[in-house]
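Structure record follows, encoded as structure tokens.
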Amino acid sequence: MDFPMENVTILDHPLIQHKISILRDKNTGTNEFRALVEEIAMLMGYEALRDLPLKEVEVETPLETCMTPVIAGKKLAVVPILRAGLGMTGGVLALVPSAKVGHIGLYRDEVTHEPHEYYCKLPSPIDQRTIVVTDPMLATGGSAVAAVDFIKAHGGKTIKFMSIIAAPEGLEKLHKAHPDIQIYIGHLDRQLDKNAYICPGLGDAGDRIFGTK
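Letter 168 of the sequence shown, counting from 1, is numbered 1250 in the numbering used here, and no numbers are missing.
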């Protein structure tokens, strides 16, 4: 895999790396794991949203009237890939509470590892929004590619993808399929194993967020 890649950012902030290390620990419980995923998403979102467009509005302070910047356009849309992506949604909403939330439901075939859609609901008008797709794990890249395919098919144009941990195979697949989107990764891991799990990874993010097996 050639790196660096255009439109791909690997976030090396010490706080993000520290929190990811705690996520990896098999002894980290559900409550702490869930909180950490949300915190990491907020830290990643701070970086991913630094290019949101601004416009000047007039505001009256206690001292005088001034022109000051606010976010322009139709605001933000956060689109988690169900179900694990839901764990990152709160972190982004903490930064931009006015954001709309859509959902894309995908499941991975246990034999072929190919994604299948079972639900897609996006805020309207999606073509006028900056869209942040969230999924804690970018493994094979199949679900990520399919999710961005669906969003583009519905008219989405400005798309960012945020994942806490990625495998080189998945990152390369997503970047090759959608070189125009901005991708933000918390940590690039070594590889996928024979079952398409990220190594060293952190296990099944959805199970650990929601306390299921």
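Even glycine gets a Cβ: it sits at the ideal position worked out from N, Cα and C. Just so we're clear, the structure is a prediction, and the values are computed from it rather than from any experiment.
Spatial neighbours of residue i within its chain, please: C-beta separation below 6 Å, excluding the five flanking residues on both sides.
i	result
V1160	T1171, V1174, A1181, V1183, V1214
I1246	I1122, P1218, G1268
K1242	A1130, V1214, Q1264
R1165	G1288
K1239	D1209
G1167	T1216, D1217
H1100	none
E1120	G1172, G1173
Would you mind sorting residue i into buried or exposed? The rule is 16 or more other CB atoms within 10 Å of its CB.
i	result
G1127	buried
T1150	exposed
L1256	buried
Y1189	exposed
T1262	Contrary to the premise, residue 1262 reads as Asp rather than Thr in this sequence. By the neighbour-count rule (16 or more Cβ atoms within 10 Å), D1262 is not buried but exposed.
L1097	exposed
D1271	buried
V1139	exposed
Rounded to a whole number of angstroms, what is the C-alpha to C-alpha distance between residue i and residue j?
i	j	result
G1252	L1220	6 Å
Y1279	K1157	35 Å
Y1201	G1187	4 Å
R1116	V1141	38 Å
R1211	K1258	23 Å
G1155	P1135	7 Å
K1137	H1236	27 Å
L1274	T1147	57 Å
P1144	V1152	19 Å
P1205	P1179	15 Å
T1110	T1294	14 Å
D1107	M1244	21 Å
E1192	I1102	26 Å
K1276	D1286	15 Å
C1281	M1087	21 Å
R1132	F1292	30 Å
I1163	Y1266	15 Å
V1227	A1249	14 Å
L1177	N1089	22 Å
E1114	T1194	33 Å
K1169	L1093	Checking the displayed sequence, the identity of residue 1169 turns out to be Gly instead of Lys. Computed Cα separation, rounded: 19 Å.
Can you tell me the Cβ-Cβ gap for residue i and residue j, rounded? I've got them flagged as a contact below 8 Å.
i	j	result
L1118	I1104	6 Å
T1112	R1290	7 Å
H1260	V1230	5 Å
E1196	G1223	That pair is no contact at about 11 Å.
By Cβ distance, which residues of its chain are closer than 8 Å to residue i, with the 5 residues on each side in sequence left out?
i	result
H1095	L1125, E1129
I1233	V1161, I1186, L1204, I1208, I1213, V1215, I1241
Can you give me the Cβ contacts of residue i inside the same chain, cut-off strictly under 7 Å, excluding the 5 residues immediately before and after it?
i	result
G1283	I1247, D1271
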